[in-house]
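Here the structure comes first, spelled out in C-alpha cells, and everything after it is commentary.
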Amino acid sequence: AILFVTRIRVADRLTSVKWLPASRIRRVSGIVSSFQAYTNSPSGLAWVFALSLLAQFAGNVFVVWALAASLGVAAPLAFHLVAVPLITLITLVPISINGIGVREGGFVYFYAKVGVAAGDAIALSLAYTLILGVFSVIGGLYLVFGRRGSAV
C-alpha cells in the first residue's frame with residue numbers, strides 16, 4: 026500500500042480535485058507524506074513491520090492463549106500462533122459489525138481442527154471480544170479525556 030500510494034503521487038493529484046474540502050486534502054496529504062518517509066527508509070519500514078508483528082503476537086495471540094488456558098481450552102501455543110492471526114484477518118471482511126459472528130465462526134472452525142468443542146470455542150471468542158471491547162473503551166476514554174487539547 027505504501028509503495029502504491031507513493032508511486033502514483035496521490036498528494037499531487039489531490040490538489041487538482043475541486044470537490045474535496047481543503048481540510049481533507051491536507052489530512053490525506055499528511056498521510057501520504059508519512060508513507061513517503063517509509064519509502065525513503067527501508068530499515069525504518071522493517072522496524073515498523075517487526076514492531077507490528079510483536080504487537081500482533083503480544084496483543085492478540087498471547088491474550089487468546091491466556092484466555093484459552095484460563096477457560097480450560099486445550100490447544101498448543103503453536104496452534105494459537107497460526108490460528109489467531111488468521112481469525113483476525115477474516116474478521117476484517119466487511120460483512121458484520123466489528124467482526125462479531127465472523128470471529129466466532131472462525132474460532133469454531135479453526136479450533137475444531139485441534140479437537141476443541143464448538144461451545145468452548147465460542148466461549149473463548151466471546152471472552153476475547155469482551156477483552157477487545159474493554160480495551161477499546163479504555164483507549165477511547167483516554168483519547169477523549171486523557172490528553173491535553175482536542176480529540177482527533
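For the sequence shown, this note's numbering begins at 26 and goes up steadily by one.
All residues carry an ideal CB built from backbone N, CA and C; glycine is no exception.
The model shown is predicted, which means the values in this text are computed figures rather than measured ones.
- Taking every protein chain shown into account, the CB of Y153 has 16 or more other CB atoms within 10 angstroms, so this residue is buried.
- About 4 angstroms separates the beta carbon of G131 from that of I112, a gap short enough to meet the 8 angstroms contact definition.
- Less than 8 angstroms separates the beta-carbon of I115 from that of V127.
- Assigned with DSSP and collapsed to three states, G126 falls in coil, not helix or strand.
- DSSP places V169 within a helical segment (H, G or I) once states are collapsed to three.
- Counting other Cβ atoms within 10 Å of its Cβ, W72 stays below 16 and is therefore classed as exposed.
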